[in-house]
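The sequence shown maps to residues 5 to 423 in our numbering. Step one of this worksheet: look at the structure below.
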Amino acid sequence: MESARPRHAGPHAGHRVLRGIALALTAVLALGTAGGVAAYVDLRNQIEVSDVDALLGRDTLEPQAETEPENPDDPFAGRSLNILVMGTDFRDEANTELAGAGDEFNSDTTLLVHLSGDRSRIEAVSIPRDSLVNIPACPRPDGSSTSPQYGAMFNSAFAIGGGPEQDVTGAAACMILTVEALTGLRIHHHVVVKMDGVVDIVDAIGGVPMCLPEPVVGDTRYSDLELDAGRQVLDGETAIQFLRVRKGSGMGLELGSDLMRIERQQAFVDSMLREVLAQNLLTDTPALYRMVQAALRAMSTSPDLASPTALAGLAWSVRDVDPSDIVFESVPVVDAPSDPNRVVWTAEADRLWEKFAADAPLDEPEPSASPSDAEIVEDGDLVDADEPDDSDQAGDEADDEADDPSPTPSPSVRAGVCA
Numbered sequence: 005m006e007s008a009r010p011r012h013a014g015p016h017a018g019h020r021v022l023r024g025i026a027l028a029l030t031a032v033l034a035l036g037t038a039g040g041v042a043a044y045v046d047l048r049n050q051i052e053v054s055d056v057d058a059l060l061g062r063d064t065l066e067p068q069a070e071t072e073p074e075n076p077d078d079p080f081a082g083r084s085l086n087i088l089v090m091g092t093d094f095r096d097e098a099n100t101e102l103a104g105a106g107d108e109f110n111s112d113t114t115l116l117v118h119l120s121g122d123r124s125r126i127e128a129v130s131i132p133r134d135s136l137v138n139i140p141a142c143p144r145p146d147g148s149s150t151s152p153q154y155g156a157m158f159n160s161a162f163a164i165g166g167g168p169e170q171d172v173t174g175a176a177a178c179m180i181l182t183v184e185a186l187t188g189l190r191i192h193h194h195v196v197v198k199m200d201g202v203v204d205i206v207d208a209i210g211g212v213p214m215c216l217p218e219p220v221v222g223d224t225r226y227s228d229l230e231l232d233a234g235r236q237v238l239d240g241e242t243a244i245q246f247l248r249v250r251k252g253s254g255m256g257l258e259l260g261s262d263l264m265r266i267e268r269q270q271a272f273v274d275s276m277l278r279e280v281l282a283q284n285l286l287t288d289t290p291a292l293y294r295m296v297q298a299a300l301r302a303m304s305t306s307p308d309l310a311s312p313t314a315l316a317g318l319a320w321s322v323r324d325v326d327p328s329d330i331v332f333e334s335v336p337v338v339d340a341p342s343d344p345n346r347v348v349w350t351a352e353a354d355r356l357w358e359k360f361a362a363d364a365p366l367d368e369p370e371p372s373a374s375p376s377d378a379e380i381v382e383d384g385d386l387v388d389a390d391e392p393d394d395s396d397q398a399g400d401e402a403d404d405e406a407d408d409p410s411p412t413p414s415p416s417v418r419a420g421v422c423a
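Below, the structure written as structure tokens:
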């Protein structure tokens, strides 16, 4: 089974969402009074700094010289950016209340986001946590180094780098090195988003409405999620369960697929952005401040991004991106030959990274490859993939449809709006 084709943002989400993000930050920062200065200091203090460049021994991508423009400056203007976004389920006190006690310290969700140099495109690629990959040796904050891992689950790089101390900077550094080794790309910035931060953001906007095509019930051994079909408004704690649950019934939960969960997460994000736009938070300063504060408090990031003004400038720079140039993709995968519960990347993944490196559009047409050219990545090496004969296709079609763990959700699920 291969992942879905590139998916574009809905016709109304696009630049209005990004403009809203930029204006939200800018409005809070530009109050022009002593209260405005206090707001800036408060927001700046919400962001946790994670200096992976110091740990990795590399130079930071320095912002351009600061100016005093009417609109916020993009501190990295003219340069394409690769930003690794990691959602973590590590069990600090707040996250233990959400997910129960445990020693988990993984990146539950990972996105590689590319901003084109001319800021005309935004492209995000989801990396399945169940991918089998090679993880390089990673430096630790205590001066030691981890051992390379071969054929390991992708998301374990976070725990390996974090070590027994569960150090977020070490965890992010190892994830960055792993993604760079797998893709050949330079990761310029990173953001780690904490699970409890998502709860605060959702509650700050009063919940996220979604339209569910069928009841969604989590396996009671792992979750108390229970949602009826139709329109539902998810509060923070319900939302985080909806985003994380992998076992139960409804919307592919029976399959326990990480790929299906990625589709569910994309549907939720689409619905949340629509809700932010519908509320017109820019005219409601207290609500706006609560949302921005919750978002920044959930973040751990590199020093050059750990500034509300830098974030506002970066968001402002992409305010006019056409919706057709906002693309969501997942790494193309197939079932791992060594484990049907894991996946391996196909050779198609290399084309994604080549386009990022060339700052070329992801959905630019490619020459068709014959089935015999298909390859997969197993334990870091390219190997031939077995393709079924045409004569077998008709007989296996019904089984394939039933077994495919990554069906594309219906438009109503993506939009989160009931017909």
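No residue lacks a Cβ here, since even glycine has one placed at the ideal position from N, Cα and C.
Would you tell me roughly how many angstroms separate the C-alpha atoms of D96 and P369, rounded to the nearest one?
Any reading at D96 must be qualified, since the residue scores a pLDDT of 48, below 50, and its modelled position is unreliable; no value is offered.
Among the candidates F360, V331 and V196, whose CA atom is the shortest distance from the CA of G91?
V196
For P152, I'd like the list of residues in its chain whose CB is within less than 6 Å of its CB, leaving aside the five on either flank, ordered along the chain.
P140 and A141
Would you tell me roughly how many angstroms separate the C-alpha atoms of A317 and S120, rounded to the nearest one?
Going by the sequence as given, residue 317 is Gly instead of Ala. Approximately 15 Å, taken between the alpha carbons.
Given a threshold of 16 other Cβ atoms within 10 Å of its Cβ, counted over all protein chains shown, does P132 qualify as buried or as exposed?
Buried is the call here.
Span separating the alpha-carbon of S342 from that of D207
42 Å
Hey, could you find the ends of the beta strand (DSSP E) F332 is sitting in?
I330 to S334
Alpha-carbon spacing of Q243 relative to V137, whole angstroms:
Sequence inspection shows Ala at residue 243; the Gln mentioned does not correspond to that position. Roughly 30 Å separates the two Cα atoms.
Compare the Cα-Cα distances from L88 to each of A163, L189 and T224 and report the closest residue.
L189
On the DSSP letters alone, give me the boundaries of the alpha helix (DSSP H) that P219 sits inside.
Careful: P219 lies outside any alpha helix (DSSP H) and carries neither H nor E.
Would the region 158–175 and the region 353–366 be scored as touching if the rule is three or more Cβ pairs under 8 Å?
No, the region 158–175 is not in contact with the region 353–366.
Take every Cβ of the region 297–308, pair it with every Cβ of the region 323–340, and state whether three or more of those distances are shorter than 8 Å.
no
Pull up the CB-CB distance for E218 and M255, whole angstroms please, since I reckon it's below 8 Å.
Yes, they are in contact, since the Cβ atoms of E218 and M255 sit about 7 Å apart, within 8 Å.
Using the rule of at least 16 other Cβ atoms within 10 Å of the residue's Cβ for burial, across every protein chain shown, is G165 buried or exposed?
So G165 ends up on the buried side.
Comparing alpha-carbon positions, which option in V212, D308 and A362 lies nearest V53?
D308
Extent of the continuous alpha helix (DSSP H) run through P312
Counting along the chain, the alpha helix (DSSP H) containing P312 begins and ends at P312 to S321.
At what residues does the beta strand (DSSP E) containing M90 begin and finish?
L85 to T92
Give me the Cβ distance between V212 and L181, rounded to the nearest whole Å; I'm assuming they're in contact under 8 Å.
Not a contact, Cβ separation roughly 34 Å.
According to the neighbour-count rule (16 or more other Cβ atoms, all chains shown, within 10 Å of its Cβ), is G201 buried or exposed?
buried
Comparing alpha-carbon positions, which option in P143, I330 and M295 lies nearest V129?
I330
Quick one: what's got a C-beta closer than 8 Å to N110's C-beta in the same chain, skipping five residues either side?
T92, D93, F94, R133, N159, S160, F162 and A163
Tell me whether R268 sits in a helix, a strand or coil according to DSSP, three-state version.
helix
Nearest candidate by alpha-carbon position, reference P312, set S321, R83 and V296:
When the alpha-carbon of P312 is set against those of S321, R83 and V296, the nearest one is in V296.
Taking its Cβ as the centre, do 16 or more other Cβ atoms sit within 10 Å of F332, making it buried, or is it exposed?
Around the beta carbon of F332, 16 or more other beta carbons lie within 10 angstroms, which makes this residue buried.
As a quick exercise: from A314, D122, G240 and E279, pick the residue whose alpha carbon is nearest that of I51.
A314
Taking C-alpha atoms, which residue in S227, D354 and R248 lies nearest to D262?
If we check each option's Cα against that of D262, R248 comes out closest.
Spatial distance of E267 from L186 (CA atoms):
23 Å
DSSP state of S148 mapped onto helix, strand, coil:
coil
Helix or strand or just coil, what does DSSP make of D396?
At D396, the pLDDT of 40 sits below 50, so the modelled position is not reliable and the matter cannot be decided from this model.
Spatial distance of L60 from T224 (CA atoms)
42 Å
What's the call for A233, buried or exposed, on a 16-neighbour Cβ count within 10 Å?
exposed
Put T182 into one of helix, strand or coil per three-state DSSP.
In the structure shown, T182 sits in a helix (DSSP, three-state: H, G or I).
Can you list, in chain order, the residues of its chain with a C-beta nearer than 8 Å to that of S135? Leave out the 5 residues immediately preceding and following it.
M157, F158, V335, V337, R346, V347, V348 and W349
Between which two residues does the alpha helix (DSSP H) harbouring I244 extend?
G240 to R248
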